[in-house]
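A.B. asks:
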Amino acid sequence: MPKTSFDPSSHGFRFLNEFQDKALGVVPMYGACGGMSYAALDYFLAGRAVPPYAKTPSNSSVLGRYIWDRHWDSTVRSWHAARHAELSSCLDEQALAQQTTRVEWERMRTAIDRGTTVVLGLIGWGPIPSRNHQVVAYGYEDRPQTVYVYDNRVGPEEICLVNDGRSAYWWSSKTGASSSSSASDMRWRGWFLESGYQPRAPVVAGQYSAECEYQWVSRWGYKSPGRPSS
Numbered sequence: 166m167p168k169t170s171f172d173p174s175s176h177g178f179r180f181l182n183e184f185q186d187k188a189l190g191v192v193p194m195y196g197a198c199g200g201m202s203y204a205a206l207d208y209f210l211a212g213r214a215v216p217p218y219a220k221t222p223s224n225s226s227v228l229g230r231y232i233w234d235r236h237w238d239s240t241v242r243s244w245h246a247a248r249h250a251e252l253s254s255c256l257d258e259q260a261l262a263q264q265t266t267r268v269e270w271e272r273m274r275t276a277i278d279r280g281t282t283v284v285l286g287l288i289g290w291g292p293i294p295s296r297n298h299q300v301v302a303y304g305y306e307d308r309p310q311t312v313y314v315y316d317n318r319v320g321p322e323e324i325c326l327v328n329d330g331r332s333a334y335w336w337s338s339k340t341g342a343s344s345s346s347s348a349s350d351m352r353w354r355g356w357f358l359e360s361g362y363q364p365r366a367p368v369v370a371g372q373y374s375a376e377c378e379y380q381w382v383s384r385w386g387y388k389s390p391g392r393p394s395s
């Protein structure tokens, strides 16, 4: 059972993915799964503990802004959004299944064998990419094909994605508890390894409060502690 040193109970956020926003101020967005996955990996690779915050931070907080910025890194800036759209629109279930169980599986397997924790893009039901999801993968088993993941809609615990070879689908061992989750999250059409992840210095815990104030560590340097400027 090959695994990296990533452990959801230690490296996953305590709060669930309850983020909401509006793209371009108009289109509703439910969840920042890519941002939370990228941010968890940022903290892990930097050797820093995730902020011990039990409630989802507001979008205007430093941590919230950091996670949303990482969400855009994980989708638009990395071109993963285009890959999500491409696979979501695939009507050939067998072709998508083979892409996942053969090509993407070997890519993920090779990375984890090297000790590299990765982010996966999960393909949900229908042609709408908003039904997709992003998780951190840190281990696998070959028979049956099983991926061990941190799912930010479930919380800091180990979740398994399993393909038993009897169908084209991947089944989750537990569905999310966040408001953006649904029963359909137990089954996924496929997934792909998101190769565009680049580490970024995470925000560093300052004085914790109900406002979730942090000192922002940007990719260029430090800003003074407190609320981020507009």
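Count the sequence shown with this note's numbering and you get residues 166 to 395, in order.
Each residue gets a CB set at the ideal place from its N, CA and C atoms; glycine is no exception.
#1: State yes or no: is the C-beta of S337 within less than 9 angstroms of the C-beta of M351?
#2: Is G196 a contact residue of the ligand GDP, with contact defined as CB to any heavy atom under 8 angstroms?
#3: Between the Cα of K175 and the Cα atoms of S360, E323 and P309, which residue gives the shortest distance?
#4: Nearest to S239 by CA position, among V369, Q363 and M273, is which residue?
#5: Between the alpha carbons of L261 and Y334, how many angstroms are there, rounded?
#6: To the nearest whole angstrom, what separates the beta carbons of R235 and F357, a pair I think is in contact under 8 angstroms?
#7: Is it true that the CB of S253 sits closer than 9 angstroms to the CB of G196?
#8: Taking D307 as the reference, give the member of F184, W244 and R267 with the closest Cα.
#9: If you follow the alpha helix (DSSP H) that Q259 is in, where does it begin and where does it stop?
#10: Quick check on the DSSP output: the alpha helix (DSSP H) that includes G289 runs from which residue to which?
#11: According to the neighbour-count rule (16 or more other Cβ atoms, all chains shown, within 10 Å of its Cβ), is M166 buried or exposed?
#12: Looking only at its chain, what residues have a beta carbon closer than 7 angstroms to the beta carbon of M201, apart from the 5 residues adjacent to it on each side?
#13: When you compare only the Cα positions, how much space is there between Y315 and G199?
#14: Leaving aside the five residues before and after T281 along the sequence, list all residues of the same chain whose C-beta is less than 8 angstroms from its C-beta, in chain order.
C.D. replies: Judging by the given coordinates:
#1: yes
#2: This structure simply doesn't include the ligand GDP, nor any ligand for that matter.
#3: Note that residue 175 is Ser in the sequence shown here, rather than Lys. Residue E323 is the option with its Cα nearest to S175.
#4: Q363
#5: The straight-line gap from Cα to Cα measures roughly 10 angstroms.
#6: Contact between R235 and F357 is absent: CB atoms are separated by about 19 angstroms, not below the 8 angstroms threshold.
#7: no
#8: R267
#9: E258 to Q263
#10: No alpha helix (DSSP H) holds G289; DSSP gives it neither H nor E.
#11: exposed
#12: F178, N182, I232 and N317
#13: Computed Cα separation, rounded: 12 angstroms.
#14: T169
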